[in-house]
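Encoded as structure tokens, the structure appears first; notes follow it.
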Amino acid sequence: MNARIESEPGPVKNRTTVERKSDREVVVTRTINGPARIVFEAFTKAELLKRWWVPKSMGMTLLSCEVDARVGGKYRLVFDHGGPEPAAFFGTYVEVKPYSRLAWTNEEGGEGGPVTTVTFEEKGGKTLVVLHESYPSKEALDAAGTGAADAMVETFDQLDELLVALGESSGQ
Amino acid sequence: MTLTGMKKHVGVLEQAGLVTTKKIGRVRNCQLGPRRLEEETAWLERYRQRWDERFDELDKVVEELTRKEKSDERKNRK
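Here the protein sequences come in this chain order: A and B. Using this note's numbering, the letters of the first sequence map in sequence onto residues 392 to 563. Using this note's numbering, the letters of the second sequence map in sequence onto residues 78 to 155.
Rendered as structure tokens:
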């Protein structure tokens with residue numbers, strides 16, 4: 392598949408594009424208004440990463456965020472997603488080239504999880520971020536969609552809707 | 078489009094699971110396969126939205142840090 396979706400170009404906001412490169416790979420691109428050095432820092436320093444990685448609209452709260460952005464270093468993000476147990480996302484940095492390239496494994500799903508590679512390319516004070524997620528199989532990518540924790544939140548939302556609908560129909 | 082060209086196009090759609098085909102005599106019938114195009118599009122859009130929201134927040138953090146750095150530079154020059 393090579394389908395492609397782009398957001399409407401706004402006056403200030405940069406576009407985020409998503410492209411499915413193959414059965415197992417997705418590529419996300421976005422230009423960020425700032426130099427590569429600062430964008431790279433925002434990816435690799437815990438106190439900065441936790442400010443943007445979990446936007447409110449995701450319906451999750453970040454409980455803790457540990458980042459050791461060195462080759463072989465680990466990261467660990469723990470979320471409260473409204474479920475009974477918090478969800479942890481963790482992995483290892485496999486490539487760390489300051490201001491230009493970053494790659495990490497996603498190990499929360501056991502071995503053979505996806506590998507995320509990010510490149511940073513500065514142009515005229517702005518930085519093109521290209522994020523490449525490579526899954527071990529097509530099935531794994533299909534299942535990922537919005538990420539396991541997000542899928543969980545969506546499931547709970549759907550359950551809420553269902554309960555409301557059931558309540559309404561039984562009240563009639 | 079030539080018949081060979083058409084065969085090639087249908088073959089790609091079939092591989093992607095978007096259509097299934099069945100040959101009856103000289104005629105090959107096509108129908109929508111297990112993976113619907115709407116589902117594929119919805120999937121991509123969810124994925125895009127997640128990253129779009131994240132990058133919007135990243136933009137804010139980076140813009141703030143860039144501004145701060147510039148004002149610090151100005152202070153240092155004085």
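Backbone N, C-alpha and C define an ideal beta-carbon position, used for all residues, glycine too.
How far does the alpha helix (DSSP H) with residue 468/A in it extend, from its first residue to its last? From DSSP, residue 468/A is part of no alpha helix (DSSP H) but of the beta strand (DSSP E) over 465–471.
Do residue 481/A and residue 465/A have their CB atoms nearer than 8 Å? yes
Compare the beta carbon distance of residue 498/A and residue 483/A with 8 Å and say whether it is the shorter of the two. yes
Check whether chain A comes within 8 Å of residue 138/B, counting only Cβ atoms and requiring the distance to be less than that. yes
For the alpha helix (DSSP H) holding residue 124/B, just list the boundary residues, first then last. 114–154
Helix, strand or coil for residue 95/B per DSSP? coil
Return helix, strand or coil for residue 88/B, following the three-state DSSP convention. helix
Can you tell me whether residue 439/A is buried or exposed, with buried defined as 16 or more other CB within 10 angstroms of its CB? buried
Residue 437/A - DSSP class collapsed to helix/strand/coil: helix
Name the two residues that bound the continuous beta strand (DSSP E) containing residue 457/A. 452–458
Three-way DSSP call (helix, strand, coil) for residue 443/A in this model: In the three-state scheme derived from DSSP, where H, G and I count as helix and E and B as strand, residue 443/A is classed as helix.
Spatial neighbours of residue 105/B within its chain, please: CB distance less than 6 Å, with the 5 preceding and 5 following residues excluded, ordered by chain position. 98
Does the region 448–463 of chain A come close enough to the region 429–437 of chain A to have 3 or more Cβ pairs within less than 8 Å? yes
Going by CA-CA distance only, name the one from 524/A, 404/A, 506/A, 417/A that's closest to residue 485/A. 506/A
Nearest by alpha-carbon distance to residue 427/A: which of 514/A, 523/A, 532/A is it? 514/A
Residue of 124/B, 94/B, 95/B, 113/B minimising C-alpha distance to residue 409/A: 124/B
Residue 106/B, enclosing beta strand (DSSP E) - first and last residue: 104–109
Where the region 489–505 of chain A meets chain B: residues whose CB sits under 9 Å from a CB there: Correct list: empty, as no residue qualifies.
Contact list for residue 407/A against chain B, beta-carbon separation under 7 Å: 125, 128, 129, 132
Give a yes or no on whether 8 Å exceeds the smallest Cβ distance from residue 74/B to chain A. The structure shown does not extend to residue 74/B, since chain B is modelled only from 78 through 155, so no value can be given for it.
Which residues, taken in chain order from the region 445–460 of chain A, show a beta carbon closer than 9 Å to some beta carbon of chain B? Listed in sequence order: 445, 446, 447, 448, 449.
Are the region 86–96 of chain B and the region 110–118 of chain B touching by the rule of at least three beta carbon pairs closer than 8 Å? These segments touch.
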